[in-house]
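Colleague:
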Amino acid sequence: MAVIQHVQNVIQRGNLAAGAALPSEVPLSRDLGISRGMVREGYRTLAATGAVELGNGRVPRVGSLSARPVANMLRHGLDTRQVSPLHVLHFWRAIEVQVAWGLEVAVLPFMCGTCAPRPDRP
331 MAVIQHVQNV IQRGNLAAGA ALPSEVPLSR DLGISRGMVR EGYRTLAATG AVELGNGRVP
391 RVGSLSARPV ANMLRHGLDT RQVSPLHVLH FWRAIEVQVA WGLEVAVLPF MCGTCAPRPD
451 RP
């Protein structure tokens with residue numbers, strides 16, 4: 331969807347921090363040449379992922395970091411037996427180790443039980 335890609339680009343190009351204001355529906359729909367409804371749906375999709383925060387009568391804002399989307403993903407994986415409780419434990423341990431070392435986290439390799447080391451680390 332054009333709206334999602336556009337808003338993600340605005341956030342990246344503008345180096346916008348969490349809580350920074352984003353364009354409201356009217357100017358964004360005018361800039362992209364699409365309906366307000368399409369803009370609204372794009373913002374709702376981004377809000378569902380946590381990338382954008384929405385509120386009635388308020389301007390959309392860049393979302394704050396939250397563990398909720400990751401927790402929801404893992405809960406779904408457990409509920410559908412795509413991952414085991416042991417995978418979840420390894421996943422969280424890996425995140426804790428990566429954060430303690432101040433490294434970026436490689437999330438998806440842990441879902442299959444392996445960790446991809448960073449090239450700049452042994």
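Going by my numbering, the first residue of the sequence shown is number 331, and it counts up by one from there. The C-beta atom is built at its ideal place from N, Cα and C for all residues, glycine as well.
Under a three-way DSSP split, which group does Val-392 fall into?
Modeller: Translated into the one-based positions of the sequence shown, residue 392 becomes position 62. Strand, per DSSP.
Colleague: Rounding to the nearest angstrom, what Cα-Cα distance links Leu-281 and Leu-416 in this structure?
Modeller: Coverage of the chain is limited to positions 331 through 452, which leaves residue 281 absent and any answer about it impossible.
Colleague: Could you check whether Gly-344 and Ser-394 sit closer than 8 Å to each other, using their CB atoms as the reference points?
Modeller: Taking the first residue of the sequence shown as position 1, residue 394 is located at position 64. Taking the first residue of the sequence shown as position 1, residue 344 is located at position 14. No.
Colleague: Give the DSSP-derived three-state secondary structure of Ala-332 in the structure shown.
Modeller: Here residue 332 refers to the residue found at position 2 when the sequence shown is read from its first residue. Helix, per DSSP.
Colleague: Short of 8 Å in beta carbon distance, which residues of its chain neighbour Arg-374, apart from the five on each side in sequence? Order them along the chain.
Modeller: In the sequence shown, residue 374 corresponds to position 44, counting from 1. Excluding residues within five positions, the ones whose Cβ falls inside 8 Å are Leu-384.
Colleague: Determine the DSSP secondary structure at Val-413, reduced to helix, strand or coil.
Modeller: Here residue 413 refers to the residue found at position 83 of the sequence shown. Coil.
Colleague: If you drop the 5 nearest sequence neighbours on each side, which residues of the same chain put their C-beta closer than 8 Å to that of Ser-396?
Modeller: As a working note, residue 396 is residue 66 in the sequence shown. Cβ neighbours of Ser-396 beyond the five flanking positions: Gly-380.
Colleague: At which residues does the alpha helix (DSSP H) containing Leu-346 begin and terminate?
Modeller: By one-based count along the sequence shown, residue 346 stands at place 16. Premise fails: Leu-346 is in no alpha helix (DSSP H) and is neither H nor E.
Colleague: Name the DSSP beta bridge partners of Val-382, please?
Modeller: Translated into positions along the sequence shown, residue 382 becomes position 52. Note: Val-382 sits in a beta bridge opposite Val-392.
Colleague: Write down the C-beta distance between Val-356 and Arg-366 rounded to the nearest angstrom, noting that I regard them as a contact closer than 8 Å.
Modeller: Along the sequence shown, read from residue 1 onward, the residue named residue 356 stands at position 26. Along the sequence shown, read from residue 1 onward, the residue named residue 366 stands at position 36. About 7 Å; that satisfies the 8 Å criterion.
Colleague: So Ser-359 is in the alpha helix (DSSP H); what residue range does that whole segment cover?
Modeller: Here residue 359 refers to the residue found at position 29 of the sequence shown. 355–362 is the extent of the alpha helix (DSSP H) around Ser-359.
Colleague: Whole angstroms are fine: how far does the CA of Leu-419 sit from the CA of His-406?
Modeller: Sequence index remark: in the sequence shown, residue 406 carries index 76 (1-based). Sequence index remark: in the sequence shown, residue 419 carries index 89 (1-based). Distance between the alpha carbons of His-406 and Leu-419 is about 15 Å.
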